[in-house]
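Residue numbers (numbering that gives the first Met the number 0), protein chains in the order written: chain L, 0 to 217; chain Y, 0 to 119. Backbone N, C-alpha and C fix where the C-beta goes; we use that ideal spot for every residue, glycine too. Given the structure is predicted, the values throughout are model-derived calculations rather than measurements. All remarks here apply to the structure that follows.
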Amino acid sequence: MGNIDKIDVESLQFFGKIVASVSHEIKNVMAIINEKAGLLKDLTLMAEKGLPLDPVRIQTVANEVKFQIKRCDTIVKNMNQFAHSADEYSQHVDLETMTGLMILLSERVASQMGVTLNLISSDKSIIIKTNPFLLEFLIWDCLQFTIKRCANTGTVNIIIEKSDNTVKVKYLLEYGTHNKAESSFPEERTTILMETLSAKLFLDLENHELMISMSENI
Amino acid sequence: MKVLLVDDEVEFVSTLAERLSIRGLDVEWVTSGAEALQKVEHQFFDIAILDLKMPKVGGLELKEKLLKKHPAMKFIFSTGYASEEDFNVISKQIGEEFYLVKPLEIKILIEKINSVLNLN
């Protein structure tokens with residue numbers, strides 16, 4: 000592949016997966032709005048044929064459309080925020096906000112696999128200087144592993160912590176005894192991401208815990 | 000004719016059911032594979048319209064489970080897959096004839112139902 004590194008290809012694949020997932024979400028919202036618009040048309044046609052038109056029913060459908068527009072707006076804002084994380088190589092970011100975004104962007108996959116993602120919020124924001132895109136990739140990569148591990152009715156609790164100059168992203172897994180992640184973890188890309196971000200990974204499956212640890216300033 | 004709609008997007012499936020009912024179809028809807036399997040315990044449906052991607056039990060897996068209970072049941076799949084590439088992958092698995100991409104066009108859906116049930 001010439002000058003393109005493996006991690007470059009994997010980064011593009013990560014970006015592509017997020018875009019595909021978000022486009023799927025948007026299509027779902029469009030499908031709902033399409034049905035609501037169709038229903039309004041059906042009700043109008045029925046009124047033309049003499050059936051009474053209920054204003055409350057019309058208002059309810061209009062409110063449901065508005066709700067879906069808001070939902071779509073949030074999806075697009077999240078996508079936009081994610082897309083801009085690749086703008087600069089090094090940036091100050093709020094680690095909890097970033098982790099929250101990756102959780103939101105992973106929720107559809109988690110839901111498909113019957114897993115609940117739960118970000119346990121801390122009192123104050125933790126600002127770090129890092130490569131935002133690569134850290135998002137690492138957080139997402141770990142999320143995918145934990146989701147697979149907790150498949151079918153499991154929960155992943157995510158906690159952000161700071162002590163001295165070190166920040167931690169902890170994944171606390173709740174699952175039954177038979178769930179096992181399909182792939183070996185950490186994979187090569189995870190290791191490269193950790194090295195690039197000067198991060199360390201601690202995997203303690205006996206205690207159902209995975210942790211990313213890194214300096215607040217790289 | 001009895002139609003069962005299965006889709007995890009409650010707003011989508013409930014509205015589509017209402018629109019099909021307005022057109023004279025006998026429709027029931029649920030939001031998961033587990034609910035669908037409960038529903039068919041005591042009722043027969045001529046056709047089920049299944050979302051391909053649902054939590055825990057997807058449309059293809061649900062079809063197999065429903066067929067075990069009612070071998071005569073027919074199926075149409077719907078999905079939010081966005082691209083032509085996605086379409087090509089899925090249509091190879093289940094056949095274009097039985098596959099609709101969201102947002103659905105209700106006229107086309109009814110034509111497809113009639114075609115699958117040989118009602119034309």
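Which residues DSSP lists as bridging residue i, in chain order
i: Y:L49; result: Y:V5 and Y:F76
i: L:E224; result: Limits of chain L in this structure are 0 at one end and 217 at the other, which puts residue 224 of chain L out of reach.
i: L:T165; result: L:S162 and L:S214
i: L:F184; result: L:F184 is not bridged to any residue.
i: L:L172; result: L:V155
i: L:N117; result: L:N156
Residue-level contact to chain Y via CB, residue i, 8 Å cutoff
i: L:Q90; result: no
i: L:G15; result: no
i: L:K26; result: yes
i: L:I191; result: no
i: L:D228; result: Absent from the model: residue 228 of chain L. The displayed extent of chain L is 0 to 217, so no value can be given.
i: L:E106; result: no
i: L:E63; result: yes
i: L:E173; result: no
CB contact check: residue i to chain L, cutoff 8 Å
i: Y:L3; result: no
i: Y:E10; result: yes
i: Y:I112; result: no
i: Y:L19; result: no
i: Y:G79; result: yes
i: Y:I75; result: no
i: Y:L15; result: yes
i: Y:L103; result: yes
Among the options, the one whose alpha carbon lies nearest that of residue i
i: Y:V115; options: Y:Y98, Y:L103 and Y:P102; result: Y:Y98
i: L:I211; options: L:L44, L:E24 and L:I157; result: L:I157
i: Y:I89; options: Y:N113, Y:V5, Y:I105 and Y:L59; result: Y:L59
i: L:E135; options: L:L202, L:I17 and L:I146; result: L:I17
i: L:V166; options: L:S183, L:T98 and L:G153; result: L:T98
i: L:I146; options: L:K123, L:A109 and L:F132; result: L:A109
i: Y:V39; options: Y:V5, Y:T78, Y:S13 and Y:E110; result: Y:V5
i: L:L94; options: L:Q80, L:I127, L:T73 and L:I102; result: L:I127
i: L:T152; options: L:F144, L:N206, L:V114 and L:E160; result: L:V114
i: L:K169; options: L:S197, L:I138, L:I191 and L:L196; result: L:I138
i: L:G15; options: L:L104, L:N117, L:T189 and L:S120; result: L:L104
i: L:T154; options: L:G175, L:E160, L:N164 and L:D140; result: L:G175
Run of the alpha helix (DSSP H) containing residue i, from where it starts to where it stops
i: L:L133; result: P131 to R148
i: L:N27; result: K5 to E47
i: L:L103; result: L94 to Q111
i: Y:A35; result: G32 to H41
i: Y:K101; result: First-last for Y:K101: undefined, no H or E at that position.
For residue i, the first and last residue of its enclosing beta strand (DSSP E)
i: L:K123; result: First-last for L:K123: undefined, no H or E at that position.
i: L:L202; result: A198 to D203
*In the region 46 to 66 of chain Y, which residues sit with their C-beta less than 7 Å from some C-beta in chain L, listed in chain order?*
So the close ones are K52, P54 and K55.
*chain Y contacts from the region 150 to 171 of chain L (Cβ-Cβ distance under 8 Å)*: Within the region 150 to 171 of chain L, the residues whose Cβ lies closer than 8 Å to some Cβ of chain Y are N151, listed in chain order.
*Selection of the region 28 to 45 of chain Y by Cβ proximity to chain L, strictly under 9 Å*: For the region 28 to 45 of chain Y, which is checked against every Cβ of chain L, not one residue is closer than 9 Å.
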